[in-house]
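**Q** Below is one structure. I have some questions about it.
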Amino acid sequence: MSEPTSPVRVAVVQFDPQVGISNRETNLHRSLALAHKAVDDGANLVVLPELSNTGYFFNNRQDAFEHAESVPDGQSVQAWMDFARQHQIYLVAGLTERDGMRLFNTGVLVGPDGFIGKYRKAHLWNLEKLWFTPGDLGFPVFETPIGRIGLLICWDIWFPEVPRILSQQGADIICSLNNWVWTPPPLFDDAGKCMASYLTMTAAHVNNVFIAAASRIGEERGARYLGCSLIAGTNGWPIGAVASADQQEILLADIDLTSSRSAAIWNNLNDLHRDRRADLYDQMLGYTQHPSLPR
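Quick note: the sequence shown uses my numbering, first residue 2, plus one each step.
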């Protein structure tokens, strides 16, 4: 067996950040404490949930605005950057971003050298539409020393164009930041998995890409959250367990990150990327904001 070219231990962190100005410091400290535990267990890529420093269910736009901070100058991003520098790791986390008078549901990627980049959620869920502006940065993929990292946020996974475009740009792993919420039943199947877990697994499978999905648990202001975090391999199946619906957990997986560029495709005559009929529907589905890199 050959040596891995880009060995990475990925951690997805599932916990319960609570909304409310008085909870911001606690949320941030908990995110750092759990990230520290993941690093102690050998992780060098840590993924935190959507809006992990603020909680999710704001009362109104003013409430959301008061929870927000600038990127990368805000307190939370600076703290995550300091942590990544100190431990020489990569960290992805979600927050409420303020840019002038606009608010975005944003994911940031930081690393040993500081701030790397951000993604603003493109597809807004339910009441988010009342306080957030839809993302305007497209679907960037960030080239790092450990591999190419793409981000998506929660409801985005229901739109197959998002992981497809990220994978067509050459992403080795997609970090999925989530606050998956309870919706009308049935929520779980007999195996204990929720639909979001299956969508994540399917997106990994049909795009031949790793997906690390960090979700949250708990209740706030009458809303409940699903948990079910997971790390999906390039074949779609979870690497290890799928997290519970209600427990704080850290999932770890050892992967060769750049192996997604040459992952096996079942037989000698089928290749998911080369078999696409780009003559019929365009390789990048009409997306032009970022170039396609070879996989």
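By construction, the Cβ of each residue, glycine as well, lies at the ideal position given by its N, Cα and C atoms.
Residues in the same chain with beta-carbon distance under 8 Å from L313, minus the five sequence neighbours each way, listed in chain order, please.
**A** This structure cannot settle anything about residue 313, because the visible part of the chain is limited to 2 through 296.
**Q** Just reading off the beta strand (DSSP E) that D100 is part of, what are its end residues?
**A** Reading the sequence shown from its first residue, position 99 is the one you call residue 100. Here the beta strand (DSSP E) through D100 covers Y91 to D100.
**Q** Using 8 Å for Cβ pairs, my map puts P239 next to A246. What's the rounded Cβ distance?
**A** For this step, residue 239 is matched to residue 238 along the sequence shown. For this step, residue 246 is matched to residue 245 along the sequence shown. With 8 Å as the limit, P239 and A246 do not qualify as a contact, their Cβ atoms being about 15 Å apart.
**Q** Hey, could you find the ends of the alpha helix (DSSP H) A205 is sitting in?
**A** On the sequence shown, residue 205 is found 204 positions in, with the first residue counted as 1. Per DSSP, A205 belongs to the alpha helix (DSSP H) from M196 to N208.
**Q** Is the CB-CB distance between D100 and S71 below 9 Å?
**A** Taking the first residue of the sequence shown as position 1, residue 100 is located at position 99. Taking the first residue of the sequence shown as position 1, residue 71 is located at position 70. It is a contact, given that the beta carbons lie within the stated cut-off.
**Q** How should Q63 be labelled, buried or exposed, when 16 other C-beta atoms within 10 angstroms of its C-beta is the threshold for buried?
**A** For this step, residue 63 is matched to residue 62 along the sequence shown. Exposed is the call here.
**Q** Of the choices R217, L152 and F160, whose alpha-carbon is the least far from that of W183?
**A** Taking the sequence shown and counting its residues from 1, one reaches residue 183 at position 182. Answer by Cα proximity: R217.
**Q** Below 6 Å CB to CB, which residues in the same chain sit around S32 once its five sequence neighbours on both sides are set aside?
**A** Translated into the one-based positions of the sequence shown, residue 32 becomes position 31. If we look at S32 and ignore the five residues flanking it on each side, its Cβ neighbours are L49 and S53.
**Q** Does DSSP put A242 in a helix, a strand or coil?
**A** Counting from 1 along the sequence shown, the entry for residue 242 is found at position 241. A242 carries a coil assignment under DSSP once its states are collapsed to helix, strand and coil.
**Q** What number of angstroms, rounded off, separates the C-alpha of S293 from the C-alpha of D173?
**A** Residue 293 sits at position 292 when you count from the first residue of the sequence shown. Residue 173 sits at position 172 when you count from the first residue of the sequence shown. Roughly 13 Å separates the two Cα atoms.
**Q** Is N28 helix, strand or coil when you go by DSSP?
**A** Taking the first residue of the sequence shown as 1, we reach residue 28 at position 27. DSSP places N28 in helix when its eight states are reduced to three.
**Q** What beta strand (DSSP E) runs, 3 residues minimum, are completely inside the region 167–195?
**A** 174–178
**Q** Can you name the start and end residues of the alpha helix (DSSP H) that R86 belongs to?
**A** Taking the first residue of the sequence shown as position 1, residue 86 is located at position 85. Per DSSP, R86 belongs to the alpha helix (DSSP H) from Q76 to H88.
**Q** Y120 bridges to which residues according to DSSP?
**A** Numbered from 1 along the sequence shown, position 119 holds the residue referred to as residue 120. Partner(s): G108.
**Q** Please work out which residues of its chain come closer than 8 Å, Cβ to Cβ, to V142, disregarding the five sequence neighbours upstream and downstream, and give them in chain order.
**A** As a first step, residue 142 must be located in the sequence shown, where it is residue number 141. Contacts found: R149, I150, G151, L167, Q170, G171, A172, H291 and L294.
**Q** To test your reading of the DSSP string, which unbroken alpha helix (DSSP H) runs of 4 or more residues are found completely within the region 16–73?
**A** 25–41 and 62–68
**Q** For A296 and I90, what's the separation of their Cα atoms in angstroms?
**A** Mapped onto the sequence shown, residue 296 falls at position 295. Mapped onto the sequence shown, residue 90 falls at position 89. Sequence inspection shows Arg at residue 296; the Ala mentioned does not correspond to that position. If you take the alpha carbons of R296 and I90, they lie about 24 Å apart.
**Q** Tell me whether the beta-carbon of Y57 lies closer than 9 Å to the beta-carbon of V14.
**A** As a first step, residue 57 must be located in the sequence shown, where it is residue number 56. As a first step, residue 14 must be located in the sequence shown, where it is residue number 13. Result no, Cβ atoms of Y57 and V14 do not sit closer than 9 Å.
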